Amino acid sequence: MSLADTPPPSRRALRAARMEASGSATGPEGPDKTPKEPIVEAGAAGLGEGPIESVPDAAPPAPAEPFVAPPMSAAPAAASAESVFGAPSPVGTDSGPLQLEDLFGLGDGEERPARSTVTRPNYARTSAPEPVFAFTASAAPVSPTSPVESVPAAEPTLTMPRAREAEVAPVTATQTLATSGDEEPAERSRVALTWVDEASVALGWRVGPDLATATSPYVPVENDLLANPPRRSPFRPGVLAPAGATAAFLAAYAATTLLWPLHAVAPTVESIQVESVPAAATALPWPGVGGAAVSVRGVGAVASSADAVPMASITKVVTALVVLEEMPLSPGEQGPEFRFGWGDRSRYWNYRANGESALDVPVGGSLTQYQLLEGMLIGSANNYADRLAGNLWPSDSVFADAAMRWLTAHGVNGVTVVEPTGMDPGNTASPDSLLVLADKALANPVIAEIVAKPSVELPGAGLVENTNGLLADPGVIGIKTGTLDMWNLLSAKNLTIGDTVVRVTASVLGQPDDGARLQASRALYAQVEQELQPRPSVAAGTTAGIVETKWGEQVDIVTAGDASVILWNGGAATVESTFSLGESREKGDKVGTLSVAGPLDSTEVELELAEEVEGPSAWWRLTHPLDLFGLSG
Numbered sequence: 001m002s003l004a005d006t007p008p009p010s011r012r013a014l015r016a017a018r019m020e021a022s023g024s025a026t027g028p029e030g031p032d033k034t035p036k037e038p039i040v041e042a043g044a045a046g047l048g049e050g051p052i053e054s055v056p057d058a059a060p061p062a063p064a065e066p067f068v069a070p071p072m073s074a075a076p077a078a079a080s081a082e083s084v085f086g087a088p089s090p091v092g093t094d095s096g097p098l099q100l101e102d103l104f105g106l107g108d109g110e111e112r113p114a115r116s117t118v119t120r121p122n123y124a125r126t127s128a129p130e131p132v133f134a135f136t137a138s139a140a141p142v143s144p145t146s147p148v149e150s151v152p153a154a155e156p157t158l159t160m161p162r163a164r165e166a167e168v169a170p171v172t173a174t175q176t177l178a179t180s181g182d183e184e185p186a187e188r189s190r191v192a193l194t195w196v197d198e199a200s201v202a203l204g205w206r207v208g209p210d211l212a213t214a215t216s217p218y219v220p221v222e223n224d225l226l227a228n229p230p231r232r233s234p235f236r237p238g239v240l241a242p243a244g245a246t247a248a249f250l251a252a253y254a255a256t257t258l259l260w261p262l263h264a265v266a267p268t269v270e271s272i273q274v275e276s277v278p279a280a281a282t283a284l285p286w287p288g289v290g291g292a293a294v295s296v297r298g299v300g301a302v303a304s305s306a307d308a309v310p311m312a313s314i315t316k317v318v319t320a321l322v323v324l325e326e327m328p329l330s331p332g333e334q335g336p337e338f339r340f341g342w343g344d345r346s347r348y349w350n351y352r353a354n355g356e357s358a359l360d361v362p363v364g365g366s367l368t369q370y371q372l373l374e375g376m377l378i379g380s381a382n383n384y385a386d387r388l389a390g391n392l393w394p395s396d397s398v399f400a401d402a403a404m405r406w407l408t409a410h411g412v413n414g415v416t417v418v419e420p421t422g423m424d425p426g427n428t429a430s431p432d433s434l435l436v437l438a439d440k441a442l443a444n445p446v447i448a449e450i451v452a453k454p455s456v457e458l459p460g461a462g463l464v465e466n467t468n469g470l471l472a473d474p475g476v477i478g479i480k481t482g483t484l485d486m487w488n489l490l491s492a493k494n495l496t497i498g499d500t501v502v503r504v505t506a507s508v509l510g511q512p513d514d515g516a517r518l519q520a521s522r523a524l525y526a527q528v529e530q531e532l533q534p535r536p537s538v539a540a541g542t543t544a545g546i547v548e549t550k551w552g553e554q555v556d557i558v559t560a561g562d563a564s565v566i567l568w569n570g571g572a573a574t575v576e577s578t579f580s581l582g583e584s585r586e587k588g589d590k591v592g593t594l595s596v597a598g599p600l601d602s603t604e605v606e607l608e609l610a611e612e613v614e615g616p617s618a619w620w621r622l623t624h625p626l627d628l629f630g631l632s633g
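Using UniProt numbering, you'd call the opening residue of the sequence shown number 1 and step up by one each time.
So, in structure tokens, the structure goes:
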């Protein structure tokens, strides 16, 4: 059963409904007073002042027109709304609640005159959050026979975003008001406002399925013309031509840089200073008594004592040097002859009687200068030394002056000579000064030849044995013995170290006997020989240089083997490297030599690459064209 079939309610029922609708919101007259004229509620906003015209029930509803909001600025929005609608007034003012009789046009069987206008005063409204306005225009009339049925709300035709809230103007709508009896229902203007969901506003461009049956016209909003622009082919000539040219250029550039030779960016070699390993300090077995000294020619000398002691017959070395200064001989020459008579033999016996070393002479015969030097240096004959010196200097003092001048001129310091034979204890020398004297004597080929002979056959004297017992040892090349109260020995020996011959000289003074001086000398030579054995001055694998490339590669250049030279007593070698890298890039390739030079010998070892020198990466080639082409400066 529909509301249209229901009989009209009685006046009593309407009064009860009116009282229930009014509730506690009665006017100032109280519940027993006659209610004020009914008003029409218009949503959240009040109507503007002025009459609302009644529309007869028989009149057809006015068609709804789509609302077009006039443009307004956001600032005066509130003022515009108030000027149109009037000041809002709250529910429950003196105008009273809406009367149901006025709404449905019914009464208690009594006819009431139709009201042409309804006036409601303005009322104030408390502030509230600004709503998003949506306006509804409806032409649906209220059925005059259905006072309970409400007019269905029309679907929205236009929704505006919050940014334009201030520009919204009210929409005029119509509502059919029933009159009593047979009077036609009257239409009243109203303003319909409602709250709008922001999500719905954001999706306002979408057409809902329920809008298809809306009673009011729906004005769709067309999509932006640029929303679905036409797609252009990526293979059109305007795109393919530049892309092809760019691709061809990039391919040519990549091929050129990846295959370009590295002549302009050849690796470089940085030399590293290499220091040789110095020799250890010497530790010679010095004799327990007396003094001694040892020298390695070209390296240096060490001595156990610097005290000068009588050198005895070692003085004859000075005599030979001074005589040869005045009467020089070349190797193989004999020099002038010296004749001997019975007086010379008599003096020979006198030397022997005094305990001096002497050799017999050929009476009526002669001895050459060279033979006299042999007898003086090999047999230590005092009579031969006096004969040579007396032939040149008239006295021992004159000879002594000549000898000292020679020693000073040749840098032999620490030696004192007072006579030519050494019988005077005033002939003194320090152990280290005798080493210098030996070097000077052995530098003379005539003396060096003589002192190296173990024996000699001389006219008048016969076979003469060398007093230097060390000549039986391999490598010993002489010099001279000397004996007074103590036994002295000045000797020299050639030591063969590898392929190098090393001259070592030793002086042993103040020994108790001949055996002691020989033993002390041999011990010194043995220790020196051991210390002179080659040891790596630069070990294998020592870095002598670094190969560097522009792309950041670094490879060490190292020695391929040990570099050993002869060093002694803290001596060091000098090191020099030469490089020839060329096109060598593999591990183990020979790229130079390292030269090590010591005081006695030198050697060379090859230098090689410790690792492979890798070429540049493809990325480096692509990003360093100027370097590859030699244009980086």
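Glycine is no exception: its CB is placed at the ideal position from the N, C-alpha and C atoms.
These figures come from a predicted structure and were not determined experimentally.
Check	Outcome
Identity of the residues DSSP links to Phe338 by a beta bridge	Leu367
Neighbourhood of Arg347 by C-beta, 8 Å cutoff - its chain only, sequence neighbours within 5 removed	Asn383
For Arg503, three-class secondary structure by DSSP	strand
Which listed residue (Leu407, Ile450, Gly379, Val464) has its alpha carbon closest to that of Lys440	Leu407
Proximity of Gln369 and Pro420 at Cβ, strictly below 8 Å	no
Buried versus exposed, by CB contacts within 10 Å (16 or more), Arg297	buried
Residue burial classification, Tyr253 (beta-carbon count within 10 angstroms, cutoff 16)	exposed
Inter-residue Cα distance where the pair is Asp499 and Pro534	11 Å
With 16 other Cβ atoms within 10 Å as the buried cut-off, status of Thr319	buried
Cβ-based neighbour list, Pro362, same chain, cut-off 6 Å, excluding 5 preceding and 5 following	Phe340, Pro459, Gly460
Contact set for Arg517: own chain, Cβ-Cβ below 6 Å, skip 5 residues either direction	Trp487, Leu489, Val508, Gln511
Per DSSP, cross-strand counterpart(s) of Val547	Val269, Val555
Simplified DSSP assignment, three categories, for Ser143	Only weak support is given to the placement of Ser143: the predicted model assigns it a pLDDT of 44, under 50, and the value that follows is read from those uncertain coordinates. The answer is coil: DSSP assigns Ser143 none of H, G, I, E or B.
Of the residues Val418, Leu581, Gln530, the one placed nearest Val555, counting alpha carbons only	Leu581
Bridge-paired residues (DSSP) for Ala563	Val538
Endpoints, the beta strand (DSSP E) within which Lys316 is located	Counting along the chain, Lys316 falls outside any beta strand (DSSP E), though it belongs to the alpha helix (DSSP H) covering 315–326.
Inter-residue spacing [alpha-carbon to alpha-carbon] between Thr559 and Lys493	35 Å
From Leu392, Ala389, Thr428, Glu374, residue whose alpha carbon lies closest to that of Gly332	Glu374
Sequence ranges, beta strand (DSSP E) only - wholly within the stretch 241–305, length at least 3	268–271, 291–296, 300–303
Sub-8 Å separation of Leu471 and Pro445 beta-carbons	no
Simplified DSSP state of Thr408, which is helix, strand or coil	helix
Neighbourhood of Glu356 by C-beta distance below 7 Å, restricted to the same chain and skipping five residues each side	Asn382, Met423
Best match in Leu259, Ser233, Leu240, Arg12 for proximity to Ala618 [C-alpha to C-alpha]	Leu259
C-beta atoms of Leu321 and Val302 nearer than 8 Å	no
Under 8 Å between C-beta atoms of Ala281 and Gly475	no
Identity of the residue in Ile497, Ser521, Asp485 nearest Ile479 by Cα	Ser521
Beta-bridge pairing of Phe579 - partner residues as DSSP gives them	Gly592
Selected residue, minimal CA-CA separation from Leu609, among Ile557, Val565, Glu576, His624	Ile557
Sequence-distant residues of the same chain with beta carbon closer than 7 Å to Arg503, five excluded per side	Arg297, Ala492, Asn494
Contact under 8 Å by Cβ, Thr483 with Ile272	no
Where Lys440 sits in the DSSP three-state scheme	helix
Ala243 versus Ser632 - alpha carbon distance	30 Å
Helix, strand or coil at Glu374 according to DSSP, with G and I counted as helix	helix
Among Pro234, Asp473, Ala526, nearest to Ile497 - alpha-carbon criterion	Ala526
Spatial neighbours of Glu326 in its chain, beta-carbon cut-off 6 Å, leaving aside the 5 residues before and after	Leu392
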